[in-house]
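Okay, so here's the structure we're looking at.
In this note's numbering, the protein residues as written are 348 to 400.
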C-alpha cells in the first residue's frame, strides 16, 4: 500500500514513527516541499502489513 503523508517536518516524522509501530515500511521518498503551503511537505511511503510473530 502506498501512503502520502502531508504536513510540516515534525508531523511527517511523527507519522512515520506511528506507521512503523504497526506496519513494515518497505520504502519512502524524500520530503518534497508543498507548492501551495509554505513550510509544508509531502512524503510517499510504501508499507506492508506486519506478519504475526
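Glycine included, each C-beta is placed from N, C-alpha and C at the ideal position.
Under the assumption that residue 371 contacts residue 397 (Cβ atoms under 8 Å), give the Cβ distance between them as a whole number of angstroms. 5 Å
Going by other Cβ atoms of all chains shown within 10 Å of its Cβ, with 16 needed for buried, is residue 348 buried or exposed? exposed
Alpha carbon of residue 366 to alpha carbon of residue 385, nearest angstrom: 25 Å
Can you list, in chain order, the residues of its chain whose CB lies under 8 Å from that of residue 362, leaving out five sequence neighbours each side? 352 and 354
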